[in-house]
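Notes follow once the structure below has been shown.
Number of protein chains: 2
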Amino acid sequence: MKKVLLVVLTILVISNGFSQKVNKEDSTMIRQIFTTSLTDGASYDWLDYMSNEIGSRLSGSLGAELAVNYTKEQMEELGLDKVWLQPVMVPKWTRGTKEFSYIEPSPGVTTTADVCALGGSVPTPYGGLKAKVIEVKNFKELEALGRENVEGKIVFYNRPMDATLIQTGGAYGGAVNQRTAGAKEAAKYGAVGVIVRSMNLLKDDYPHTGTMSYGDTPAHLKIPACAISTNGANYLSTTLKLQPNLLFYLSMSCKTHADVQSYNVIGEIKGSMYPNKYIVVGGHLDSWDLGDGSQDDGAGCVQSMEVLRILKKLEYKPKYTIRVVLFMNEENGLRGGKKYAAEAKRKGEHHIFALESDAGGFTPRGFSFTTDDKNFIQIKSWESLFEPYLINWFTKGGGGADIGPLKKEGVVTVLAGLRPDSQRYFDFHHAANDIFKYVNKRELELGAAAMTSLIYLFDKYGVK
Amino acid sequence: MKKVLLVVLTILVISNGFSQKVNKEDSTMIRQIFTTSLTDGASYDWLDYMSNEIGSRLSGSLGAELAVNYTKEQMEELGLDKVWLQPVMVPKWTRGTKEFSYIEPSPGVTTTADVCALGGSVPTPYGGLKAKVIEVKNFKELEALGRENVEGKIVFYNRPMDATLIQTGGAYGGAVNQRTAGAKEAAKYGAVGVIVRSMNLLKDDYPHTGTMSYGDTPAHLKIPACAISTNGANYLSTTLKLQPNLLFYLSMSCKTHADVQSYNVIGEIKGSMYPNKYIVVGGHLDSWDLGDGSQDDGAGCVQSMEVLRILKKLEYKPKYTIRVVLFMNEENGLRGGKKYAAEAKRKGEHHIFALESDAGGFTPRGFSFTTDDKNFIQIKSWESLFEPYLINWFTKGGGGADIGPLKKEGVVTVLAGLRPDSQRYFDFHHAANDIFKYVNKRELELGAAAMTSLIYLFDKYGVK
Numbered sequence: 000m001k002k003v004l005l006v007v008l009t010i011l012v013i014s015n016g017f018s019q020k021v022n023k024e025d026s027t028m029i030r031q032i033f034t035t036s037l038t039d040g041a042s043y044d045w046l047d048y049m050s051n052e053i054g055s056r057l058s059g060s061l062g063a064e065l066a067v068n069y070t071k072e073q074m075e076e077l078g079l080d081k082v083w084l085q086p087v088m089v090p091k092w093t094r095g096t097k098e099f100s101y102i103e104p105s106p107g108v109t110t111t112a113d114v115c116a117l118g119g120s121v122p123t124p125y126g127g128l129k130a131k132v133i134e135v136k137n138f139k140e141l142e143a144l145g146r147e148n149v150e151g152k153i154v155f156y157n158r159p160m161d162a163t164l165i166q167t168g169g170a171y172g173g174a175v176n177q178r179t180a181g182a183k184e185a186a187k188y189g190a191v192g193v194i195v196r197s198m199n200l201l202k203d204d205y206p207h208t209g210t211m212s213y214g215d216t217p218a219h220l221k222i223p224a225c226a227i228s229t230n231g232a233n234y235l236s237t238t239l240k241l242q243p244n245l246l247f248y249l250s251m252s253c254k255t256h257a258d259v260q261s262y263n264v265i266g267e268i269k270g271s272m273y274p275n276k277y278i279v280v281g282g283h284l285d286s287w288d289l290g291d292g293s294q295d296d297g298a299g300c301v302q303s304m305e306v307l308r309i310l311k312k313l314e315y316k317p318k319y320t321i322r323v324v325l326f327m328n329e330e331n332g333l334r335g336g337k338k339y340a341a342e343a344k345r346k347g348e349h350h351i352f353a354l355e356s357d358a359g360g361f362t363p364r365g366f367s368f369t370t371d372d373k374n375f376i377q378i379k380s381w382e383s384l385f386e387p388y389l390i391n392w393f394t395k396g397g398g399g400a401d402i403g404p405l406k407k408e409g410v411v412t413v414l415a416g417l418r419p420d421s422q423r424y425f426d427f428h429h430a431a432n433d434i435f436k437y438v439n440k441r442e443l444e445l446g447a448a449a450m451t452s453l454i455y456l457f458d459k460y461g462v463k
Numbered sequence: 000m001k002k003v004l005l006v007v008l009t010i011l012v013i014s015n016g017f018s019q020k021v022n023k024e025d026s027t028m029i030r031q032i033f034t035t036s037l038t039d040g041a042s043y044d045w046l047d048y049m050s051n052e053i054g055s056r057l058s059g060s061l062g063a064e065l066a067v068n069y070t071k072e073q074m075e076e077l078g079l080d081k082v083w084l085q086p087v088m089v090p091k092w093t094r095g096t097k098e099f100s101y102i103e104p105s106p107g108v109t110t111t112a113d114v115c116a117l118g119g120s121v122p123t124p125y126g127g128l129k130a131k132v133i134e135v136k137n138f139k140e141l142e143a144l145g146r147e148n149v150e151g152k153i154v155f156y157n158r159p160m161d162a163t164l165i166q167t168g169g170a171y172g173g174a175v176n177q178r179t180a181g182a183k184e185a186a187k188y189g190a191v192g193v194i195v196r197s198m199n200l201l202k203d204d205y206p207h208t209g210t211m212s213y214g215d216t217p218a219h220l221k222i223p224a225c226a227i228s229t230n231g232a233n234y235l236s237t238t239l240k241l242q243p244n245l246l247f248y249l250s251m252s253c254k255t256h257a258d259v260q261s262y263n264v265i266g267e268i269k270g271s272m273y274p275n276k277y278i279v280v281g282g283h284l285d286s287w288d289l290g291d292g293s294q295d296d297g298a299g300c301v302q303s304m305e306v307l308r309i310l311k312k313l314e315y316k317p318k319y320t321i322r323v324v325l326f327m328n329e330e331n332g333l334r335g336g337k338k339y340a341a342e343a344k345r346k347g348e349h350h351i352f353a354l355e356s357d358a359g360g361f362t363p364r365g366f367s368f369t370t371d372d373k374n375f376i377q378i379k380s381w382e383s384l385f386e387p388y389l390i391n392w393f394t395k396g397g398g399g400a401d402i403g404p405l406k407k408e409g410v411v412t413v414l415a416g417l418r419p420d421s422q423r424y425f426d427f428h429h430a431a432n433d434i435f436k437y438v439n440k441r442e443l444e445l446g447a448a449a450m451t452s453l454i455y456l457f458d459k460y461g462v463k
C-alpha cells in the first residue's frame with residue numbers, strides 16, 4: 000500500500016508540476032490553433048479543389064500528376080522555407096472500361112451484379128468468363144473443399160466485416176485477407192476467378208476496390224479478382240442456395256503497365272534550434288480511381304498541409320525542422336513511404352516524431368502512438384490539453400502505413416496516427432461514394448487542429 | 000496535502016472495490032447489449048419507417064397521428080407489460096403554401112431568397128409584404144437604432160453561430176434568441192417583419208425553421224418571421240452594403256389553429272422489486288415539418304424503444320419499472336413533457352432516473368447528468384464500463400427538454416441526456432435535409448446500446 004501511495008503521490012506531484020508549466024501558454028496556443036482552423040482554415044477549400052477539380056488520383060494517373068503539381072503550388076504559396084518533389088517510381092494499373100457482370104440462375108435469366116476489379120487484378124479473357132460459383136467464408140473452407148470442388152469455378156469470398164467491433168478498422172483487418180490474398184489462394188486450387196464481398200459494414204450497392212497481390216503465383220495461373228457490393232454479395236449468396244449451379248459472368252479489361260515516374264510532395268519550415276532533426280506530418284496523395292478519394296486520403300493531405308499553414312499563420316518558430324510529406328502510392332505499393340524513409344536514412348535525417356492522418360476526415364477522437372514508456376508518459380501528460388476539444392483517447396500502438404518505413408529504417412523516435420471517429424469510414428472507403436460532399440467541414444478542421452496542436456507540443460518539448 | 004491524500008486514497012479504494020464488484024457481470028451484459036444493437040437491432044428499421052413511410056410529424060399533423068399509432072403498435076409487438084396513450088392537447092400550426100420571397104436591389108431586378116416561416120409565425124398580409132431591410136447582430140444594436148430607424152422596415156438578424164465553440168449546442172444557444180425572440184423585440188420598434196439567419200454552421204441553401212414566441216405582443220402588433228439560409232443571409236448582407244435601400248418581398252400563408260388532441264406514447268416493463276418506482280427513457284415523437292425529422296428526434300424515439308426491446312431480448316428482469324415515453328410537442332410547446340410530469344406528480348410516481356436522447360443519432364460520446372455529488376460518484380465509477388465503446392465523456396449538467404418538467408415537479412432523482420458527437424447536428428436541424436439517409440446505422444445503434452447500458456446500471460444499482 001505504501002508503494003502504491005508513493006507512486007500515486009509521485010504521479011500527482013509530477014503531473015501537477017508539469018501541467019502548471021505547460022498549461023497556460025500551451026492551452027492558449029492550442030486555443031488559437033483550433034480557432035484558426037475553424038474560422039480561417041484552408042483545409043476544406045484545398046480538399047474541394049483536389050476532389051472536385053482534380054478528382055481521383057491513382058498512382059500513375061493524370062489525376063495523381065495534377066495533384067502533385069497543385070499541392071506543390073499551394074505549399075509554395077504558404078511561404079515555407081523549402082518545397083520540393085522527391086522522385087519515386089510507382090506502379091501503374093488501369094481499370095479499363097467499366098466492368099460488366101451478371102448472375103445467371105437459369106439459362107437466359109440474368110441479373111446485373113455490382114462489381115469492380117480489385118486493384119492489381121489481371122483482366123478476364125477477351126469476351127469475359129462465365130463459370131459456376133463456389134462460396135466460402137475463409138481460406139480454411141477453401142482448403143477443405145479442395146481442387147475437386149474448386150477447379151474451373153469462381154470462388155466467392157463472403158465473410159462480412161464483424162459489426163460487433165467498435166473500431167471499424169479492426170473489423171476491416173479481420174476481413175481484408177479475402178481481398179488481398181483471395182485470388183492467390185483460389186488459384187492454387189484451379190479457380191478461374193474470385194469475387195470478394197466488399198469491405199463495407201453498410202448494405203448498399205457500391206463495390207469497394209482495394210489492393211490485392213498474387214504473391215508468387217506464376218503469370219499464367221493468375222486469375223481475375225473483383226469486389227461485389229454488400230447487397231450484391233447477399234443476393235448472390237441467397238441465389239446460390241436456391242440455384243447452386245448458377246453461372247456468373249465477368250468481364251474486366253484492367254491492365255498493369257510499366258512503372259512510371261511520380262513524386263512525394265514535401266515542404267518544410269526550418270528548425271531554429273535543431274535544423275537537422277525532423278518532425279514530419281503527412282497523408283497520401285494517391286487514391287483509388289473510384290470516387291475522388293476525399294476521405295482516403297485527400298483529407299489527410301490537406302490536414303497535413305494545414306498544420307504548417309497554421310503554424311506559419313500564428314508565427315510560431317519551430318525548434319525542429321517540420322516537414323509535411325504527401326506520400327505517393329500508399330494504396331498499391333507504398334513506394335512513396337519507402338522512398339522517403341530510405342532517403343532519410345541515406346542522409347542521416349533523424350526524425351523525432353512522425354504523424355500520419357489516413358483514417359478519414361471525421362471528428363478526431365485521439366491519437367495512437369508507437370513509442371516507449373518514457374515518451375508515452377510525457378504524451379499522456381498532454382492529454383488534458385486536448386480535453387476541451389473532446390479529444391481524449393491517447394493510446395499506444397499505431398502510426399500509419401506511410402510512416403511505418405521510417406521505423407523500419409530506424410530513423411524515427413515516436414510515430415503516431417490521428418484517430419478520427421471510425422464509424423462511417425468504411426461506408427466510403429475505396430468506393431465511388433468517397434466524394435467531397437460526405438466530408439464535414441468542421442470535422443475535417445478539428446482534425447487538422449488536433450494534428451497541429453500535437454506537432455506543436457512535440458516541437459516544444461521534444462522527445463525523451 | 001494530507002487531506003488531498005486521504006481523498007485520493009478513499010476514491011482509489013472505493014472505486015477499486017466497486018469496480019471489482021461490478022466489472023465482470025456488468026461488462027458481459029454491456030457487451031451483449033452492444034452486440035444485440037449492432038447485429039440484431041430494430042432501431043434503424045423503425046426509423047426508416049417513421050422517416051420514409053410517415054415523414055414529418057409536426058404536432059397536430061397527420062404525420063404526428065400516424066407516428067403515434069405506429070410506435071404504439073410497435074411497442075405492443077415487443078410484448079411489454081403495458082402500452083398506452085397519454086392524452087395531451089397540443090398546438091397546431093401549419094405552414095401553408097411554400098413561402099416566397101425575393102431581394103430587389105433596384106426596381107424590377109430581383110433574386111429569390113431561400114426562406115421558410117418560423118414555427119408559430121403569423122402570415123404576411125395577403126399578397127405579401129415588401130419593405131426596406133435593416134441588419135442587426137443582436138437586440139442591443141436594435142435598441143440603439145431605435146424606432147426612427149426600424150419603423151416600417153424588416154429587421155434582419157444576422158449573427159452567425161460561433162464556429163470556435165467545440166460543442167455546437169453552445170453555439171446554438173448563443174445565437175438562437177434571434178429566432179425565438181427576434182419578432183417580439185423588433186415589433187417594439189415598429190418593424191413589419193423579421194428575417195433570421197438560419198441556425199446552421201454550414202454555408203448552404205437550406206433555411207432552418209424552429210420555434211419563436213411573440214411573448215405578450217398584442218395580436219395586431221405581431222409581425223411575420225422567417226428564417227433565411229446561411230448562403231442567403233450572406234448574400235443579403237453583402238447586397239445591403241451595396242444597396243442599403245433594397246427591398247425585400249416576403250409572402251407566407253402560415254396559420255395557428257385551435258389546439259388539438261394528441262398523445263404521448265408510453266410502454267413499460269414492470270419492476271420486480273420496486274414496481275412503483277420508475278426509470279424513464281425517451282425522445283420526442285413530433286418533429287418540424289421540413290425534412291422528416293430523422294435526427295430530430297426520430298433517432299431519439301427509436302433508440303428509446305430499442306432500450307426496452309434489447310432488455311426484453313436479453314431476458315433482463317428489471318427491479319424498477321422501466322418506461323419508454325415518446326413525448327409529443329417538444330418542438331413548439333413542450334406539452335407532452337409537461338403533461339407526463341404533471342401526471343407523474345399527481346399519481347405519486349417517483350422516478351429514480353430519466354434519460355433523454357434529443358441531440359441526433361450520431362456516435363455517442365457520453366452522457367451529461369443533473370444530479371448531486373453522491374450519485375455522480377457512483378455514475379463516474381461506471382464510466383470505465385463504457386470505455387471499450389469509446390464512450391468516455393460523463394459530465395455534470397444536462398438532461399433534456401422533455402424530462403426537465405419531472406425535475407420541476409420534484410418527481411425525479413437523476414436526469415441525463417445522451418451526448419452524441421455534435422459536429423453535424425446543426426447541418427440538418429429543423430431543415431429540409433434532416434432526412435433518413437443522413438443517419439448512419441452504426442452510429443444510431445451505438446447510441447441505443449449506450450442508453451440501454453446506462454438504464455441497466457441504474458436499474459441494477461439504483462440511486463444513492
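Protein chains in written order, with numbering that gives the first Met the number 0: chain U, 0 to 463; chain P, 0 to 463. Ideal placement from N, C-alpha and C gives every residue a C-beta, glycine not left out.
query	result
Whole runs of the alpha helix (DSSP H) within the stretch 250-321 of chain P, excluding any shorter than 4 residues	298-312
is_contact[residue 451 (chain P), chain U] using C-beta, thresh 9 Å	no
Short Cβ contact (9 Å threshold) for residue 165 (chain U) with residue 193 (chain U)	no
Local conformation of residue 248 (chain P) per DSSP, three classes	strand
Residue from U:196, U:356 and U:180 whose Cα sits closest to the Cα of residue 158 (chain U)	U:196
With 16 other Cβ atoms within 10 Å as the buried cut-off, status of residue 19 (chain P)	Low per-residue confidence applies at residue 19 (chain P): pLDDT is 47, beneath 50, and the placement is therefore not dependable, though the value from the model is reported in the following sentence. Flag for residue 19 (chain P) reads exposed.
Residues within the stretch 188-206 of chain P neighbouring chain U, beta-carbon criterion of under 9 Å	200, 201 and 202
Contact set for residue 274 (chain P): own chain, Cβ-Cβ below 7 Å, skip 5 residues either direction	320
8 Å Cβ shell around residue 310 (chain P) - same chain, five flanking residues per side excluded	268, 317, 321, 451, 454 and 455
Members of the stretch 227-257 of chain P that neighbour chain U once the beta carbon cut-off is set at 7 Å	none
Per-residue DSSP class, three states only, for residue 463 (chain P)	coil
Chain-ordered residues of the stretch 388-411 of chain U with a beta carbon less than 7 Å from chain P	388, 389, 391 and 392
Local conformation of residue 107 (chain P) per DSSP, three classes	coil
Assumed close pair residue 414 (chain U), residue 368 (chain U) - CB separation to whole angstroms, cut-off 8 Å	7 Å
Same chain only: Cβ atoms within 7 Å of residue 262 (chain U), ignoring 5 sequence neighbours per side	67, 84, 85, 86, 87 and 327
Residues of the stretch 344-364 of chain U whose Cβ lies closer than 8 Å to any Cβ of chain P, in chain order	362 and 364
Chain U contacts from the stretch 433-446 of chain P (Cβ-Cβ distance under 8 Å)	439, 440, 441, 442 and 445
Residue 297 (chain U) versus residue 357 (chain U): straight-line alpha-carbon distance, rounded	9 Å
C-alpha distance - residue 57 (chain P) paired with residue 51 (chain P), whole-angstrom precision	15 Å
Stretch-stretch touch, CB-based, cutoff 8 Å, three pairs: the stretch 242-251 of chain U with the stretch 373-393 of chain U	no
Nonlocal neighbours in the same chain, by C-beta distance under 6 Å from residue 299 (chain U), ignoring five residues either side	282, 356 and 357
Per-residue burial, residue 314 (chain P) [other beta carbons within 10 Å of its own, 16 or more giving buried]	exposed
Interface flag, residue 420 (chain U) vs chain P, CB-CB below 9 Å	yes
Nearest-angstrom Cβ-Cβ length linking residue 118 (chain P) and residue 330 (chain P), presumed shorter than 8 Å	7 Å
Start-to-end residues for the beta strand (DSSP E) that takes in residue 404 (chain P)	Careful: residue 404 (chain P) lies outside any beta strand (DSSP E), inside the alpha helix (DSSP H) at 403-407.
Closer than 7 Å at the beta carbon, the chain P residues around residue 37 (chain U)	162 and 163
Beta-carbon gap between residue 288 (chain P) and residue 333 (chain P) smaller than 9 Å	no
Top-ranked residue by Cα proximity to residue 167 (chain P), from P:423, P:444 and P:448	P:423
Sequence-distant residues of its chain with Cβ nearer than 8 Å to residue 234 (chain U) (five each side left out)	102, 110 and 112
Limits of the unbroken alpha helix (DSSP H) element including residue 378 (chain U)	372-385
Cα-Cα separation, residue 29 (chain P) to residue 266 (chain P)	23 Å
With 16 other Cβ atoms within 10 Å as the buried cut-off, status of residue 54 (chain P)	buried
Buried or exposed by the 16-neighbour rule on C-beta atoms within 10 Å, applied to residue 277 (chain P)	buried
For residue 459 (chain U) and residue 79 (chain U), the rounded distance between their alpha carbons	19 Å
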